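Numbering (our numbering), first residue to last: 713 to 1231.
Here a beta-carbon is modelled for each residue, glycine too, at the ideal position from N, C-alpha and C.
The structure displayed is predicted, hence computed values, not measured ones.
Down below is the structure, laid out as C-alpha cells.
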Amino acid sequence: MLSTTALVEATTASELALVAIVALICGHIIKSVIYNLYWSPLSGFPGPKLAAASLIYEFYYDVVKGTFPWEIQRMHNIYGPIVRINPYEIHINDPEYYDEIYAGGGRTRDKYDWFTRQGGSPTSTFATGPHQLHRQRRKILGPLFSTPSVEALEPMINSKVELLCNGLRRCMHQGKIVELGALYMALALDTITHYSFGESQCWDCLHHEEFAAELRTAIVDSFGLSNLARYCPWILNILLPVPRSIVGIVNRSMKLWLQTMDVIRKHTHHYFNKSNDEGPKEDLTRTVFYHLRNNDAPNEERSFGRLADEGNILVAAGGEVVSQYLAVVSFHLLQNPDCIQRLRKELSNVMPNPDSAVSWKQLKQLPYLSAVVTEGFRITALVVTRLPRIPTSEDLVYKEWCIPRGTPVSSTSHFIHLDPTIWKDPLVFDPERWLQDEDRTRLLHRYLVPFSRGSRQCLGIHFANAQLYLALAKVFRRFDLELFDTTNADVEHTRDCFNGQPFQASKGIRVRVVGECLN
713 MLSTTALVEA TTASELALVA IVALICGHII KSVIYNLYWS PLSGFPGPKL
763 AAASLIYEFY YDVVKGTFPW EIQRMHNIYG PIVRINPYEI HINDPEYYDE
813 IYAGGGRTRD KYDWFTRQGG SPTSTFATGP HQLHRQRRKI LGPLFSTPSV
863 EALEPMINSK VELLCNGLRR CMHQGKIVEL GALYMALALD TITHYSFGES
913 QCWDCLHHEE FAAELRTAIV DSFGLSNLAR YCPWILNILL PVPRSIVGIV
963 NRSMKLWLQT MDVIRKHTHH YFNKSNDEGP KEDLTRTVFY HLRNNDAPNE
1013 ERSFGRLADE GNILVAAGGE VVSQYLAVVS FHLLQNPDCI QRLRKELSNV
1063 MPNPDSAVSW KQLKQLPYLS AVVTEGFRIT ALVVTRLPRI PTSEDLVYKE
1113 WCIPRGTPVS STSHFIHLDP TIWKDPLVFD PERWLQDEDR TRLLHRYLVP
1163 FSRGSRQCLG IHFANAQLYL ALAKVFRRFD LELFDTTNAD VEHTRDCFNG
1213 QPFQASKGIR VRVVGECLN
C-alpha cells in the first residue's frame, strides 16, 4: 500500500508531466506562430496577421460561418490583388493572372492535398495531387467525356429529359408545386449513374423526385460539412463504420450521403464480381466504370477503393453542377419574360412543334440559346470556393512579388465572373452581353472560367453542356412556368458549399406549371 508521502510524490510527478506536456504544446504553437509571422518565406506578403499566424482564422470563416470566399474578397478590398490568406497559401484576385495559376501546355501544377482531402475520395482524379499521376488518370477518363462520346450518349440523355418533361406535365395536371433544384437533380443523377454504372444500375430518380430532393440536400450539406474535413481529416474514417441510423440522429444529411457512398460501393462490387466475358457486354462497355476497370493501368489504379472514390465524385459533382445551373438559370429566365419569348421564338426554328426532336448539335447553333447558356455559366456560381494549385518546377512572379515554388496559389472564378471592370451590371442576368460584336464577345469568353482552365480543367464540360442545352430547350419550348414563393434571396449566394448556396432556410426555387405550349 502506498504511503501518503509516496502518493503525494506520484501525484506531483504526474502533475509535472502534465504541465510539461502542456508547456511543450504551447511552446510548439508559439514557435509556429512566430515562424509563420516572421520567418516564413511568405511572411512579407500582404494580408491580415491573424490569417498568417495560424489556420484558426480560416477555420472560423470556413467552418463556423461558411463564408470564407467572401472574407477573402474583403481581404483583397483592404490589401490589394495579392493576399496571404492563411499561413501557407497565396490568393490572387486578378483576371489577367488566372491563366498563369491554372496553366496548361506542359507546365506542372499539383493540387494541394490539404485542400482536396475534404471530399473523402482521395484517390479520385479530382483529388489527385501529383501532376503526372493526374495526367495518367485523366488519360483514361478524358475520352469518355469528349464531344464525340457525349454525342453518342445523346439518345440516353434525351430519354432522361423526356422523363423530366413527363414529370412537369404530371405536376401540371396535379396542381403540384415543383422545386426545380430537386427536379433537375433527378435528371442529373439519372444521366450520370446510367453512364457511370450501366442502365440496370441507374438510380431512376425521375420516378422518385422526393429521393432526389433529399439527396440534393445531402450533397449540398456534405459539401458544406466537408470543409471541416480539411482540418479534421479523421472524421470520415470515424463515421464510415458507424451504423447509419446512429449518424442520422446527429446529422440526417451526413447519413444520406454515407448511404449514397454505400450504394456506390455496391455498384463498384458489380464490376469486380464480373469477368470481362460475362454479362451484357454491350451495355457494360459503354459505361465509365467498365473503362476504369478494364484498361492498361497498373492494378492499384484499377482497385476497388479507387473506383469507389471516382464514383463518389462523379455522382456528387455530376449531380449538383447540373442541378444548380438549371435551377438558377430557370429562375432568371422566369424573372425575364422577354428572354423566354425570344428564346421560344428561336427554338421554334428547330422545334416547329413543342415535341419536335432536336439534337444537341442543332441547339448549339442557336445564338440566343447559346447566349443564355453562357450567361448562366457566368452567374450561377458553380464554384465559389478557391481551387489552389502548386507550381512545383517554377517560381511564380506577380508584379513585384515572387511566389516560391511549392507554395499553394489560388484564384476564385466567382470573383472574376462578377468583376464590374469586366462585366457591365455583373449581378444582372443578361444574355445580350454575349451577342455583341465578335471581338468583344471573344474578350468576354477569355474571362469566363466556370470549369477552371489548364491541365486540371473539369472533365465533364461536354457531358454537362449536353444536358443543359437539351433540358433548357425542351422545358421552355413546351411549358409555361411561374415562380411560386421564390425571391432573389433564394438565388443569392451566401454560403460556400463548394458552389454558392443561398441562406440555410431557403426552400429552393419553386414553380407552378401553369400550362403547356401547343404550337
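Check whether the Cβ atoms of G756 and V795 lie closer than 7 Å to each other.
It is not a contact, given that the beta carbons lie outside the stated cut-off.
Considering only C-alpha positions, which residue in the set A763, I784, Q848, W782 is nearest to Y800?
Per the Cα distances, A763.
Tell me the DSSP bridge mates of D1192?
The partner list for D1192 (beta bridge, DSSP) reads G1227.
Measuring straight from C-alpha to C-alpha, what distance separates N1200 and L1045?
Approximately 13 Å, taken between the alpha carbons.
So within the region 837-897, which uninterrupted beta strand (DSSP E) runs reach at least 3 residues, ignoring any that extend past its ends?
Counting only runs of 3 or more, we get 889-891.
How about T972 and A1020: do their beta carbons lie closer than 7 Å?
No, they are not a contact pair.
Find the nearest neighbour of P699 within the set T1198, E1012, I1173, K823, judged by alpha-carbon distance.
With the chain represented from 713 up to 1231, any question about residue 699 goes unanswered, as that position is not in the structure.
Helix, strand or coil for W915? Go by DSSP, reduced to three states.
Of the three classes helix, strand and coil, the one that applies to W915 here is coil, per DSSP.
I need the straight-line Cα distance from C1229 to Q1216, nearest angstrom please.
Between C1229 and Q1216, the C-alpha separation is close to 35 Å.
Pull up the CB-CB distance for E1194 and V1223, whole angstroms please, since I reckon it's below 8 Å.
Right, the Cβ-Cβ distance comes to about 6 Å (below 8 Å), so this counts as a contact.
Would you call the region 879-891 and the region 841-861 touching, i.e. three or more CB-CB distances under 8 Å?
Result no; under three Cβ-Cβ pairs closer than 8 Å.
If you draw a straight line from the alpha carbon of E665 to that of E1112, how long is it in whole angstroms?
Because the chain in this structure spans residues 713 to 1231, residue 665 falls outside the shown range and cannot be described.
Can you tell me whether V962 is buried or exposed? The criterion is at least 16 other CB atoms within 10 Å of its CB, across all chains shown.
Per the 10 Å Cβ criterion, exposed.
Classify T687: buried if its beta carbon has 16 or more other beta carbons within 10 angstroms, exposed otherwise.
Summary: the structure shown does not reach residue 687, with the chain confined to residues 713 through 1231, and so no result is reported for it.
Just the C-alpha distance for G1220 and V1041, rounded to the nearest angstrom, thanks.
C-alpha separation (whole angstroms): 13 Å.
Ends of the beta strand (DSSP E) at H803?
802-804 is the span of the beta strand (DSSP E), which, as asked, contains H803.
Quick one: any contact between the region 1096-1116 and the region 1131-1149, if contact means 3 or more CB pairs under 8 Å?
They do not touch, by the three-pair rule.
Tell me the rounded alpha-carbon separation between I958 and L1147.
Whole-angstrom Cα-Cα distance: 54 Å.
Which word fits W860, buried or exposed, when buried means at least 16 other C-beta atoms lie within 10 angstroms of its C-beta?
At residue 860 the sequence reads Pro, which differs from the Trp that was named. Counting Cβ neighbours within 10 Å, P860 comes out exposed, since fewer than 16 surround it.
Would you say H1126 and A1176 are within 7 Å of each other, going by their C-beta atoms?
No, Cβ-Cβ distance for H1126 and A1176 is not below 7 Å.
Can you tell me where the beta strand (DSSP E) holding R1260 begins and where it ends?
The structure shown does not extend to residue 1260, since the chain is modelled only from 713 to 1231, so the question has no answer here.
Return the chain-ordered ranges of every beta strand (DSSP E) run that is complete within the region 1067-1135 and spans a minimum of 3 residues.
As far as the region 1067-1135 is concerned, its whole beta strand (DSSP E) runs of at least 3 residues are 1108-1110, 1113-1115.
Please classify T1133 as buried or exposed, where buried requires at least 16 other C-beta atoms within 10 Å of its C-beta.
With fewer than 16 other Cβ atoms within 10 Å, it is exposed.
Taking a contact to mean a Cβ-Cβ separation below 7 Å, would you say S1068 touches Y814 in this structure?
No, these two residues do not count as a Cβ contact at 7 Å.
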